[in-house]
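For the protein sequence lines, the chains are A and B, in the order given. Under numbering that gives the first Met the number 0, the letters of the first sequence match residues 0 to 66, in that order. Under numbering that gives the first Met the number 0, the letters of the second sequence match residues 0 to 645, in that order. Single-structure report; data block below.
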Amino acid sequence: MGLDIRWPIGLMFTLIGALLTVFGALNRSGSLSLDININLIWGVILLAFGVLMLAGAVRGGKKPPTA
Amino acid sequence: MQPIQLAWIDYTILLAYVAFVIGIGWMLSRYMKTSADFLTSARSIPTWVTGLAFISANLGALELVGMAASGAKYGISTAHFYWVGAIPAMIFLAVFMMPFYYGSKARSVPEYLKMRFDERVRALNSIAFAVMTIFASGISMNALAKLLNQLLGWNYNAALFICSGVVLLYVLKGGLTSAIYTEVLQFFMIVLGFAPVVYLGLKDVGGWHAMNSSLQTVATNPAALYLKEAGVTYAPDAWMSAWKPVLAGPANNPMGVDWFAMIFGLGFVLSFGYWCTNFLVVQRAMAAKNMTAARNTPLVAAVPKMFFPFLVIVPGMIAAALCTLPDKNYRIPPPILSAAAYASALDAVKAASPSDSAAAVQAVGAALGKPVAADKIASLVAANAATPLSDEQIRKGLYNSIAENDYDSVILSLVKKYCPAGLLGLALTALLASFMSGMAGNVTAFNTVFTYDLYQAYFAKGKSDHHYFLAGKVVTVVGIALSILAAYFASMYNNCMDIIQLVFGFVNAPLFATFLLGMFWKRTTATGAFLGLFGGIGSSALFHAMTLAQGNAPGVKGGYLSVVHVFPSEMAQNFWLASFAFTACFVLTLVISLTTARTKSDAELKGLVYSLTPKIKSDALPFFLQPGVVGVVLLIACVILNVLFW
Numbered sequence: 000m001g002l003d004i005r006w007p008i009g010l011m012f013t014l015i016g017a018l019l020t021v022f023g024a025l026n027r028s029g030s031l032s033l034d035i036n037i038n039l040i041w042g043v044i045l046l047a048f049g050v051l052m053l054a055g056a057v058r059g060g061k062k063p064p065t066a
Numbered sequence: 000m001q002p003i004q005l006a007w008i009d010y011t012i013l014l015a016y017v018a019f020v021i022g023i024g025w026m027l028s029r030y031m032k033t034s035a036d037f038l039t040s041a042r043s044i045p046t047w048v049t050g051l052a053f054i055s056a057n058l059g060a061l062e063l064v065g066m067a068a069s070g071a072k073y074g075i076s077t078a079h080f081y082w083v084g085a086i087p088a089m090i091f092l093a094v095f096m097m098p099f100y101y102g103s104k105a106r107s108v109p110e111y112l113k114m115r116f117d118e119r120v121r122a123l124n125s126i127a128f129a130v131m132t133i134f135a136s137g138i139s140m141n142a143l144a145k146l147l148n149q150l151l152g153w154n155y156n157a158a159l160f161i162c163s164g165v166v167l168l169y170v171l172k173g174g175l176t177s178a179i180y181t182e183v184l185q186f187f188m189i190v191l192g193f194a195p196v197v198y199l200g201l202k203d204v205g206g207w208h209a210m211n212s213s214l215q216t217v218a219t220n221p222a223a224l225y226l227k228e229a230g231v232t233y234a235p236d237a238w239m240s241a242w243k244p245v246l247a248g249p250a251n252n253p254m255g256v257d258w259f260a261m262i263f264g265l266g267f268v269l270s271f272g273y274w275c276t277n278f279l280v281v282q283r284a285m286a287a288k289n290m291t292a293a294r295n296t297p298l299v300a301a302v303p304k305m306f307f308p309f310l311v312i313v314p315g316m317i318a319a320a321l322c323t324l325p326d327k328n329y330r331i332p333p334p335i336l337s338a339a340a341y342a343s344a345l346d347a348v349k350a351a352s353p354s355d356s357a358a359a360v361q362a363v364g365a366a367l368g369k370p371v372a373a374d375k376i377a378s379l380v381a382a383n384a385a386t387p388l389s390d391e392q393i394r395k396g397l398y399n400s401i402a403e404n405d406y407d408s409v410i411l412s413l414v415k416k417y418c419p420a421g422l423l424g425l426a427l428t429a430l431l432a433s434f435m436s437g438m439a440g441n442v443t444a445f446n447t448v449f450t451y452d453l454y455q456a457y458f459a460k461g462k463s464d465h466h467y468f469l470a471g472k473v474v475t476v477v478g479i480a481l482s483i484l485a486a487y488f489a490s491m492y493n494n495c496m497d498i499i500q501l502v503f504g505f506v507n508a509p510l511f512a513t514f515l516l517g518m519f520w521k522r523t524t525a526t527g528a529f530l531g532l533f534g535g536i537g538s539s540a541l542f543h544a545m546t547l548a549q550g551n552a553p554g555v556k557g558g559y560l561s562v563v564h565v566f567p568s569e570m571a572q573n574f575w576l577a578s579f580a581f582t583a584c585f586v587l588t589l590v591i592s593l594t595t596a597r598t599k600s601d602a603e604l605k606g607l608v609y610s611l612t613p614k615i616k617s618d619a620l621p622f623f624l625q626p627g628v629v630g631v632v633l634l635i636a637c638v639i640l641n642v643l644f645w
């Protein structure tokens, strides 16, 4: 099938990761769990995962499904 | 527990996820031209995708919730469902069985049965499977809608219809491909959504070693957590060692099982029966783009599957460990009671006299309608008499004194405890993702079996492909509508659901014997297979009617004809029932096959039976990538895990 699943996975986690990172950075007090800013930390991890997936999709040489 | 409040960020994450899964369906819809595209993905999907979908389809919300529940109840032994059960079965499927499923060009498991045996075996299997998937999906939908209702305050009907509406949208648009692709996305969502909860929980109990020592306290006095009746006690390592307690006998492990039932019943019969013959999972491998990809699908799946216990079972163990640490202020949630029950119990505490604690305990217990811990109620009443407590404090005390656990709430209670807004949305999305992947799995398996094995085979032979393409779409809608009905049915008649699940057990337990003989012994006849299967189902019903688990009354739980044997636990009863049904089906099929004539020649059975099929030469693959070699490596890894947690 003509869709590389890494595109939607990458896009979704980049989006959610960025959202959590920004939310965690701006709203420190509301992001604490056991005294760590878990939204910020986990947001960065999701972001990294998302970007990795996108990189894989690009290297795979497939064009975005919309193009 | 108070309902969990969601913030805007949580809803945003949830909506982003929903938008992406529907978007995937939309993207794929333009590739859907034939019934094969829609129902079987036209065998075109890469291995890593089918591999992850293979696990995800099985990882419904019930598994996620249930594994954490068992982790709290039984500890690391729950991992046997993975390390003794799933992994060896998945490897067997890849190495030995996949060549026949994929090589025979069958579009479904029932269709393979028709090729190998005859129409009777196919009809029996496809009807049972179709009914089963509908009820399985209904039961899990009901469980999820109830959970969302109780814990988030969402409307039960809305939760039910919105969740199944989303699944309908993307499955109808993109068929099996869409289900498989979204399952991969859901796989990552589930792993990345729950991993932080496990991390935070482990950090909170003080790390792995501290959790182990807390679990020693649990094992030596499980009654303190209301896990077992007062007086029951186990060796200190009962919750953290997987084999020692099992080898020590049923009285020495919280599951109440012996090593034979564990290895033969769970490891061989139940797990091989599920992973190797259930079309729901096998369908994922059958959608792979070529034989190598199909055989590698379960192998790719086995790698993450091996480590899943740390994601789904460890949370339950964390919960049990937390209960022993008074400063953590945690207990395994009690059953959810109405506000009115708490209010009248509150009055009972205020009215009680500290000098007569027995009467107080009785009054509070009656008001709550649940068993209560006498010592906790007595000290609550005494504390309130000394200095009047606030209503909130009394409610908290009542909550802690209910002597019953609602294990299914374990996972969400941890999510609630550790996740601030943001992460909370992610974890809940993961839960919804697991639900949707399970449901889409059921629906896509149902529509294929119904369209090809029932509709095309018996009602509308020889129509155009476009006809079956449309039929597949209609069946998808009907399947989801029937699942919703089954969910309402489940919510109204809990007892009937128990019976239905029981019947599934009877139907499934013997099935692997039929496949084993059919695939590896060419002398197996269609009549032998058909009657053997019937005999196996009948004997498992009979076995159930004559045995009982300790603590159960004769009835739905067994023993309604007469009680010949009492098992130490329900799990032991199930494992032994499976072992018995398998043996009965195996022997019957063998004997009847020997006394009936073969109806299929060797030439007709080529590609369907092991001895008549040329061995696959995958010379193109390097030595270390051959399925057989990879299978052995995975098996060794699995043994190492068993030894590490011995």
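Each residue gets a CB set at the ideal place from its N, CA and C atoms; glycine is no exception. Predicted model, so just to flag it, every value in this text is computed and none were measured.
Relative to the C-alpha of residue i, which candidate in the options has its C-alpha closest?
i	options	result
Ala577 of chain B	B:Ile615, B:Leu167, B:Phe503, B:Asp355	B:Phe503
Val563 of chain B	B:Gln549, B:Phe574, B:Met570	B:Gln549
Gly264 of chain B	B:Ser539, B:Gly627, B:Gly558	B:Ser539
Pro235 of chain B	B:Trp242, B:Leu214, B:Gly255	B:Leu214
Val299 of chain B	B:Ile90, B:Ala339, B:Glu62	B:Ile90
Ile639 of chain B	B:Val83, B:Asn295, B:Met26, B:Leu51	B:Val83
Asn252 of chain B	B:Ser76, B:Lys614, B:Ala512	B:Ser76
Ala682 of chain B	B:Met570, B:Ala358, B:Arg330	Residue 682 of chain B lies beyond the residue range present for chain B, which begins at 0 and ends at 645; the question has no answer from this structure.
Val442 of chain B	B:Gln455, B:Tyr467, B:Ser561, B:Val473	B:Val473
Thr39 of chain B	B:Val108, B:Ala552, B:Leu159	B:Val108
Tyr273 of chain B	B:Lys462, B:Ala6, B:Lys616, B:Pro87	B:Pro87
Val17 of chain B	B:Tyr169, B:Thr612, B:Leu453, B:Val363	B:Tyr169
Ala366 of chain B	B:Asp374, B:Ile401, B:Lys616	B:Ile401
Val120 of chain B	B:Pro621, B:Gly531, B:Val555, B:Phe581	B:Gly531
Ala544 of chain B	B:Phe505, B:Trp520, B:Phe519, B:Ser568	B:Phe505
Gly630 of chain B	B:Leu92, B:Leu593, B:Ile3, B:Ile335	B:Leu92
Met491 of chain B	B:Ala596, B:Lys145, B:Ala470	B:Lys145
Asn57 of chain B	B:Glu603, B:Met210, B:Ala301	B:Ala301
Leu31 of chain A	B:Thr49, B:Trp242, B:Tyr417	B:Tyr417
Val245 of chain B	B:Ser34, B:Thr524, B:His79, B:Val477	B:His79
Arg29 of chain B	A:Val57, A:Leu2, A:Leu46	A:Leu2
Which residues in chain D have a C-beta closer than 8 Å to the C-beta of residue i? List them in chain order.
i	result
Lys472 of chain B	As a matter of chain content, chain D is missing from the structure shown, whose protein chains are A and B.
Just confirm the distance between the C-beta atoms of residue i and residue j, as a whole number of angstroms; I'd bet it's less than 8 Å.
i	j	result
Gly74 of chain B	Ala237 of chain B	7 Å
Trp41 of chain A	Leu422 of chain B	6 Å
Met97 of chain B	Arg294 of chain B	5 Å
Gly517 of chain B	Ala508 of chain B	That belief does not hold up - the Cβ atoms of Gly517 of chain B and Ala508 of chain B are roughly 17 Å apart, past 8 Å.
Ile133 of chain B	Phe445 of chain B	6 Å
Phe519 of chain B	Tyr609 of chain B	5 Å
Ala489 of chain B	Ile54 of chain B	Their Cβ separation, rounded to whole angstroms, is 25 Å, which puts Ala489 of chain B and Ile54 of chain B out of contact at 8 Å.
Which one or two residues does DSSP pair with residue i in a beta bridge?
i	result
Gly557 of chain B	B:Gly554
Leu31 of chain A	A:Asn36
Thr546 of chain B	B:His564
Val268 of chain B	In DSSP, Val268 of chain B forms no bridge with anything.
Ile401 of chain B	B:Val371
Ile317 of chain B	Beta-bridge pairing links Ile317 of chain B to no other residue.
Ile4 of chain A	Answer by DSSP bridge pairing: none, since Ile4 of chain A is not bridged.
Ile54 of chain B	Answer is none; Ile54 of chain B lacks a bridge partner.
Ala287 of chain B	B:Ile44
Determine which residues of the stretch 2 to 31 of chain B have a Cβ less than 9 Å from any Cβ of chain A, and write them out in chain order.
Taking a C-beta cut-off of 9 Å against chain A, the contacting residues of the stretch 2 to 31 of chain B are Ala6, Ile8, Thr11, Ile12, Ala15, Tyr16, Ala18, Phe19, Val20, Gly22, Ile23, Met26, Leu27, Arg29, Tyr30, listed in chain order.
Give, in chain order, every unbroken run of the alpha helix (DSSP H) that is at least 4 residues long and sits entirely within the stretch 57 to 93 of chain B.
60 to 73, 86 to 91
Taking the runs of the alpha helix (DSSP H) that are 4 residues or longer, which of them lie wholly in the stretch 174 to 233 of chain B?
207 to 219
At a Cβ cut of 7 Å, what residues of the stretch 20 to 34 of chain A count as close to chain B, listed as they run along the chain?
If the cut-off is 7 Å between Cβ atoms, the stretch 20 to 34 of chain A has Phe22, Gly23, Gly29, Ser30, Leu31, Ser32, Leu33 near chain B.
What residues in the stretch 43 to 55 of chain A bring their beta carbon closer than 8 Å to a beta carbon of chain B?
Ile44, Leu45, Phe48
Chain-ordered residues of the stretch 410 to 427 of chain B with a beta carbon less than 8 Å from chain A
Tyr417, Cys418, Pro419, Ala420, Gly421, Leu422, Leu425
With 7 Å as the limit, tell me which residues of the stretch 181 to 206 of chain B have their beta carbon closer than that to any beta carbon of chain A; keep them in chain order.
Val183, Leu184, Phe187, Leu191, Pro195, Leu199, Lys202, Asp203
What are the residues of the stretch 42 to 69 of chain B that lie near chain A, defined by any Cβ-Cβ distance shorter than 8 Å?
Ser43, Ile44, Val48
As an exercise, report each continuous beta strand (DSSP E) stretch of at least 3 residues that is fully enclosed by the stretch 474 to 547 of chain B, in chain order.
none
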